[in-house]
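Okay, so the sequence shown: first residue is 2 according to the working numbering, each after it adds one.
Don't be surprised by glycine CBs; every beta carbon is placed ideally from N, CA and C.
Shown next, in structure tokens, is the structure this report addresses.
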Amino acid sequence: GILLVLQELGVGVHRAPLGEELVWLDPPVRGPLLEARELLAQLGAIEANGRLSSHGQRLAQLGLHPRLGHMLLMAAGIGSLDLACELAVLLSERDPLQREAVGCDLRPRLDWLRRQGANAPQRQLQQQWQHQVASLLQAARPDPAEFRAKPRAPDNETATAALLVSWAYPERLALARAGSPGRFVMRGGRGAQLHPSDPLVGCEALAIASADGQLSDARIALALPMARQELRALAEAGAGDWQQTVLWDGASQRVRCEQVLRLGALVLEQRPWSDPDPTLVAQALVQGIQELGLEVLPWSPPSRQLQQRLALAHRHLGAPWPDRRPESMLATMADWLGPHLDGHRTLEALKSIDLSQALWGDAPWQLRSELDRLLPVALPVPSGRDVALDYASGEPVLAVKLQELFGATTTPTVLDGQLPVSVHLLTPAARVAAITQDLAGFWASSYQAVRRDLRGRYPKHPWPDDPTQAIATGLTKARLQQQTDPSPQPGPAAQRGLKARDGRNRNGANPR
């Protein structure tokens, strides 16, 4: 309660927070003081400007620990001061019972206290606090505007006692973890657990008054059972709030839009949210795609090639060409893909997106025709075909049968002649025979070795001594001969057949 005293005195409220202008024999540790100030704010004891509220002033006058004082003042407002004073006595003194024998339930402790005579120290302390609070409040209820709203007193004592404990230890309200009997998560986010044999193991919720240890899962020492519905009542009375969540669900590969009733870290109810903000949905879907990678997008060969061409254009020419390198696409996905995600919530729905349109983003329209000129989709080759360029490696590659480039001595280029194309010369079986960026040099040097190696394996295809003077073709020698000779002579078998028919006609036979 030292911070409550400092706040009551107005020490360091504005100039030096937490009483740092005072001269201390043993200065208090700053961390616990910060936690204490947060607790006072949660109890409604201090205002936004750091000064004590009227509720905080009454807590200071009581002289109790702020948690217990807050519980007593709140209890008086719902007519449960007697029960609150009993709980305060039990929580301010050593546990009168053996936990190993009766477990963590506070109700056996209440029964023990009520069996004590009127002259017992605990009963006298209880009566003293009742009189002190009654005198302080003068039978008036606390102003509900000073702290969070509270529900009406429950109909049974156990629920009322749990409510009172929750006022003293709001961050220790706990909800059972699904599928883990005896393990709970507290409102503040920490875990808590009961001994496996404790009678409270099966409870769906607890109001925890005491927990031992600083580990991720504290050992519960004293608690009261609660129903999940009682936690919900607390949340709806003002302690919690409905939150609208739009999250990517990796398991179902869809955006999950829900309204969630939360009490701190406790999720008490979830229900679908039918009309979420489309911007939030797009952001969540972008997050999911970023987690899974670009490969989940509906790529087609044209859109994939466009991405590679744009990446190459940006690398060599910079802005205003959009940066479509994979790492940049992931980082800026909200900008270029987000506008195309309206109405989409699942990966399956992405199939309807025009990915090529999205890749252009807000780039100037004239760049589209400029890209076709600088980095074309395909190049014409001497055989007469247009062969697609492959930009997958980050450089342009022209993969074409060697015979289709006969007669070509100039290596093709892109980017207005700045970037030579890597020519992959293929065998008739479409396997790479050689790679070059200097066609004239290849014909003059390496071609003869390739010719010796391949003409025996592919004898039906032309392998001329001088490829620079040969006809470019993708055909076999026989097919090429048929094209170059428009009146081919019939073969021997055909000639014999013609002679036989002529003989029959001369003998007067009727050709059928």
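The alpha carbon of K402 has as its nearest neighbour, out of V378, G362 and T428, the alpha carbon of T428. T246 has E259 as its beta-bridge partners, per DSSP. At the C-beta level, R52 and L74 stay beyond 8 Å of one another. Note on the segment 262–311: whole beta strand (DSSP E) runs with a minimum of 3 residues are 267–273, in chain order. CA-CA distance, R255 to A332, rounds to 20 Å. When DSSP assignments are scanned along the segment 442–474, the uninterrupted stretches of alpha helix (DSSP H) that are 4 or more residues long and fall wholly within it turn out to be 447–455.
Contact between L360 and L313 is ruled out by a C-beta separation of about 13 Å, above the 8 Å threshold. Beyond the five residues adjoining it in sequence on each side, T477 comes within less than 7 Å, by CB distance, of K461 and H462 in the same chain, given in chain order. Between S81 and T159 a beta carbon distance of about 12 Å is seen, past the 8 Å cut, so the two are scored as non-contacting.
Residue pairing of M227 in beta bridges, as defined by DSSP: A206. Distance from the Cα of I290 is smallest, within the candidate group P421, L248 and A320, for L248. Under a 10 Å Cβ-count criterion, I436 is classified as exposed, with fewer than 16 other Cβ atoms of the shown protein chains found around its own Cβ. In the three-state scheme derived from DSSP, where H, G and I count as helix and E and B as strand, L174 is classed as strand. With respect to R178, R188 sits apart: the two C-beta atoms are not nearer than 8 Å. Partner residues in a beta bridge of K352, as assigned by DSSP, do not exist.
Classified as exposed, L35 has fewer than 16 neighbouring CB atoms from the shown chains inside 10 Å of its CB. By the C-beta density criterion, A46 is buried, having at least 16 other C-beta atoms within 10 angstroms. Where L476 is concerned, there is no enclosing beta strand (DSSP E), because DSSP gives it neither an H nor an E.
Here S167 is near A208, since their CB atoms are less than 8 Å apart. Per DSSP, the continuous beta strand (DSSP E) segment holding L380 begins and ends at A379 to P381. In this structure, V424 keeps its C-beta atom at 8 Å or more from the C-beta atom of E405. Judged by pairs of C-beta atoms under 8 Å, the segment 258–267 touches the segment 230–246, as three or more such pairs exist. Sequence-distant Cβ neighbours of Q438 in its own chain, meaning closer than 6 Å and more than five residues away, are T412, P421 and S423. In terms of Cα proximity to D467, the closest of F443, T485, Q484 and Q483 is F443. Between L269 and L232, the CB-CB gap stays under 8 Å. If the five residues before and after V186 are omitted, its C-beta is found closer than 8 Å to the C-beta atoms of A175, L176, R178, G192, A193, A266 and L267, all from its own chain and listed in chain order. Taken through DSSP and simplified to helix, strand or coil, S253 comes out as coil. Secondary structure of D336 (DSSP, three-state): helix. Excluding its 5 nearest sequence neighbours in each direction, P327 has C-beta neighbours in its own chain below 7 Å: L295, listed in chain order.
With 16 or more other Cβ atoms inside 10 Å of its own Cβ, G241 counts as buried. Taking C-alpha positions only, A285 is separated from P340 by approximately 13 Å. Sixteen is the threshold: since fewer than 16 other Cβ atoms of the shown chains lie within 10 Å of the Cβ of D373, the residue is exposed. Taking 4 residues as the minimum length, the alpha helix (DSSP H) runs contained wholly in the segment 352–435 are 356–361 and 368–375, in order along the chain.
Within 10 angstroms of the beta-carbon of R38 lie 16 or more other beta-carbons, which makes it buried. Comparing alpha carbon positions, the residue from P67, L63 and Q62 closest to Q43 is P67.
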